[in-house]
Amino acid sequence: MATEITMPQMGFDMTEGTIANWLKVEGDMVQKGEPIAEIETDKTTIQIEAFSSGVLMQILAPVGAKVPVGQAIGYIGAPGEKPPSTAPAPSTSTQKAVPTSAASPQTSAVSPSPASTAPFTNVSPVARRMAEQMGIDLAQVKGTGANGQIMREDVEAFAANLPATAVALTSGEPSSMTPAPASEPVAPSPSPASVERVIATPAAKKLADGQNVDLRLVKGSGPAGRIVLEDVANFALAMQKQPVPSGVAPVAAAPAMVGAQQPTPGGQRKPLTRIRQTIAQRMTLSKTTIPHFYITVSVEMDAALALREQINEALKPENIKVSVNDLVIRATAMALARFPNLNAMFTGDAVEQRESIHIGVAVALPGGLVTVTVRDANTKTLREIAVEMVGLATRAREGKAVAGDMGGQTFTITNLGMYGVEEFLAIINPPDAGILAIGAASPTPVVRDGKVVVRNMMQVTISGDHRVTDGAEGAQFVNEVKRILENPWGLVL
Amino acid sequence: MAEITFREALKRALREELTRDPDVVIWGEDIVAYGGGGAYAVTAGLAKEFPGRVRDTPIAEEAIVGVGIGAAMGGVRPIVELMTINFALVAWDQIVNHAAKLHHMFNGQIKVPMVMRSPAGFGRTAATHSQNFDSWLASVPGLKVVEPATPYDAKGLLKAAIRDDDPVFFIEHLQLYGTRGEVPDTEYLIPLGVSERKREGRHLTVVTWGRMLVETMKAAKVLSGEGIELDVIDLRTLRPMDLSLAMQSVKRTNRAMVVEEGWRSMGIGAEVAATLQEQVFNYLDAPIARVAGLEVPMPYAKNLERATVPFSDDVVAAARAMMTNQY
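Line by line, the protein sequences are chains A and B. Take 930 as the starting number for the first sequence in this note's numbering and just add one per residue. Take -18 as the starting number for the second sequence in this note's numbering and just add one per residue.
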């Protein structure tokens, strides 16, 4: 009698698990209690053991498949026994087990895309990696190796016949940035031929991973240009001295537009500085992969400005000055506490709400900008925020940012009020779900109680990630920011 | 603590164990008659101190090891001496097919608590008498293989080997007999299968044993003057091999080198390198380097002999190359 192997429930909140690895193949003898497969949950990877002894007759869920708790992933039976006829065929089970919606691509680094996983075990490791990098569905690739094994050349040949836009290089980018499904045009992508292996030592790769350094930007000092630990360490140090927006991964420069290499006659070609490379890449990534929407509200700032004056009067002896932007930081943090869905990131198959509220604040530099981070802004007083911002901005401008000054933000604010800008639209700073663009608080005629009066109005515009949130929620959120700023005592109480 | 020679440390170990346990005996070629104490005088005088328990054998290595195995099976704890490791070739069947297997083929009913002592290495003894079979021996399941580098370790490891219930092949490098080191008068044992950090450094992990430990320590001094600090791990036992310290070390230094005197191909160095890359791959910042002997039959001429096996300058050169990213 065949025994079902079912997806175990590890912890009360586990609803499904991913098959990370089968430790046995069909036909293997297994002993009761012997590990037969590895299951990956949100939290951990665990081994599951055979519930009974016998032969592993059938594997229903291939590596990479997501299977609901309790569903059969395979059968153990007596030697020679046939699997139960009710058992779903492997292919249907695969379909069921993995998300089928083309609109929700698998993006988690640990669960390979459905296309490249599943029944295709007869694939060389190099070919599999290339296929994953290029987003190629291995089902469509014909193998020419031994027993039809799909080899590197097969993937290359397949890629060469694809339209350039259908192939995207995804490695090295944050998971939330994984390009849309292959059927849609994505960011300018390198042709398959340019998929280049970065030669780096294992230790260098590990450090680069930890420091979010893109090895493609690092110059190797080892034999044949091999990147060694020291190169990555030096690069990371240099990045600290010359910070990049949000302090997150300096990613490879966006591929240049066609013809852009040719300087116009009489023009001047300025190679990109590292900071510009990073801005170019991150902003391209954001604008091409995040569906932005925008909502603007007008905030009457008179009460807030009056309160600010009083606060600054009181803080004068301490030489502390609270800026309008500090008020906005605090108001945004308070509002986010009530809208946790916007304090989140898109991870491909989920929206991950962040535990803390860290507000990124864009700071302009000559030749670029960086984002400094006010951590746990919702728990800080205006005085604390004011003092911290002065330090953060000063260090950023002087190129002396220290660890923790940048990166890790969960939401970002950009303010062009000091340039007299009334209103503008900002590009989301990945992996945030939104960004607030703050204009100047300027005297504006408005209607109050049927009369035209002059008030200091400030335009606040949210850019929202439409994958995470919608217009209605975005509107409620900016209105909450508005409410807090228009009733400013809430900021200090 | 007194400084004594490696040779003397071994002799003290033998003497202490002969004294402690009446079942311990020593058999070998010329260990009594010839100048009184074997070709390298390790057993000198012991025959007189322990009449009847230290005996000369015929020149028949297969018989020496075979008799040792039989005696060990019957409850004796023999130490058999092979005049050089090159003669172990004649006894290979006894060592590999009998000593190493009996316990396992008879369901653990039999034990072979025997020590095979043998000098190895070189010393103007030409091709057939200048060999290291470290990796040959260390690849045999059922054997334990020990090769000390210092007088202190030699004494503690030999005593532990004699007390071990498995057959132990105890390799003594010819060039070490005359080296000196501190050895306490009090009794101590060094467990088999445990490596030791002989020098602490942060730049490069060097895994070695035997004579090459001595050369590596010399190299470490030179390199230290250049700002390169070697972390030196002495394996001490080749089977079972303890690489735990080496792995920890690589996690700090990110670079590893194995230094061995024997032939490079299929050597202990290959084994160490393979295991390290399996276990600590993500910590490596360079390929694991191997410094090893040239793969030629050893020449007799002194200058050629010197050129065939590694010395401290080879370790220095390899370490420099590694630390300047040229490897």
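Where a beta carbon is used, it is the ideal one built from N, C-alpha and C, also for glycine.
- Taking CB atoms only, A/Ala1056 has no neighbour in chain B less than 8 Å away.
- Non-local C-beta neighbours of A/Arg1324 in its own chain, meaning closer than 7 Å and more than five positions away in sequence, comprise Ala1330, Val1331, Asp1334, ordered along the chain.
- In the structure shown, A/Asn950 falls within a strand segment according to DSSP collapsed to helix, strand and coil.
- Beta-bridge partners assigned by DSSP to A/Phe1222: A/Gly1393.
- For A/Tyr1348, the secondary structure class from DSSP, reduced to helix, strand or coil, is helix.
- Secondary structure of B/Glu(-2) (DSSP, three-state): helix.
- Under DSSP, B/Lys125 shares a beta bridge with B/Val149.
- By the rule that beta-carbons nearer than 8 Å mark a contact, A/Gly1139 does not touch chain B.
- Under the Cβ distance rule, A/Lys1135 counts among the residues neighbouring chain B, one pair being separated by less than 8 Å.
- Secondary structure of B/Ile45 (DSSP, three-state): helix.
- The alpha-carbon of A/Ala1086 is positioned some 14 Å away from that of A/Ala1068.
- For A/Leu1166, not one C-beta of chain B is nearer than 8 Å to its own C-beta.
- The shortest C-alpha to C-alpha distance from A/Ile1002 to any of A/Ser1252, A/Ala931, A/Ala1167 is the one to A/Ala931.
- Taking 8 Å as the CB threshold, B/Tyr264 lines the interface with chain A.
- No Cβ of chain A is located within less than 8 Å of the beta carbon of B/Ala299.
- Counting along the chain, A/Ser1371 sits inside the beta strand (DSSP E) bounded by residues 1371 to 1377.
- Contact with chain B is found for A/Leu1158, since one of that chain's Cβ atoms lies less than 8 Å from the residue's Cβ.
- Residue-level contact by beta carbon fails for B/Ala237 and chain A, as no gap is shorter than 8 Å.
- With respect to B/Ala300, B/Leu204 sits close: the two C-beta atoms are nearer than 8 Å.
- Sequence-distant partners of B/Ala28 (beyond 5 residues in either direction) whose C-beta falls short of 6 Å from its own C-beta, in its chain, are Val13, Val35.
- With a cutoff of 8 Å on beta-carbon distance, A/Arg1211 and A/Pro1372 are scored as not near each other.
- Cβ proximity to chain A below 8 Å picks out nothing from the segment 274 to 301 of chain B.
- Non-local C-beta neighbours of A/Asn1270 in its own chain, meaning closer than 8 Å and more than five positions away in sequence, comprise Val1280, Gln1282, Ala1362, Val1397, Thr1398, Glu1402, ordered along the chain.
- For A/Pro1269, not one C-beta of chain B is nearer than 8 Å to its own C-beta.
- Contact annotation, B/Met198 with B/Glu242: C-beta distance approximately 15 Å; criterion of less than 8 Å not satisfied.
- As the crow flies, the alpha-carbon of A/Glu955 is around 41 Å from that of B/Ala270.
- With respect to the C-alpha of B/Asn235, the residue from B/Val213, B/Phe262, B/Thr189 having the closest C-alpha is B/Phe262.
- Taking one beta carbon from each stretch, the segment 164 to 183 of chain B and the segment 111 to 122 of chain B have fewer than 3 pairs nearer than 8 Å; the two do not touch.
- DSSP places A/Ala1362 outside any alpha helix (DSSP H), giving it a letter other than H or E.
- Annotation: B/Asp74 to A/Asn1163 spans about 57 Å, alpha carbon to alpha carbon.
- A/Asn1141 carries a coil assignment under DSSP once its states are collapsed to helix, strand and coil.
- Assigned with DSSP and collapsed to three states, B/Ala22 falls in coil, not helix or strand.
- For the pair of segments examined, the segment 89 to 104 of chain B was found not to touch the segment 130 to 137 of chain B: the number of CB pairs separated by less than 8 Å stays below three.
- Judged by their CB atoms, A/Met1318 and A/Val1299 are not nearer to each other than the 8 Å cut-off.
- In terms of Cβ geometry, A/Gly999 and A/Thr970 do not form a close pair [threshold 8 Å].
- In this structure, the straight-line span from the alpha carbon of A/Arg1205 to that of A/Gly1296 is close to 7 Å.
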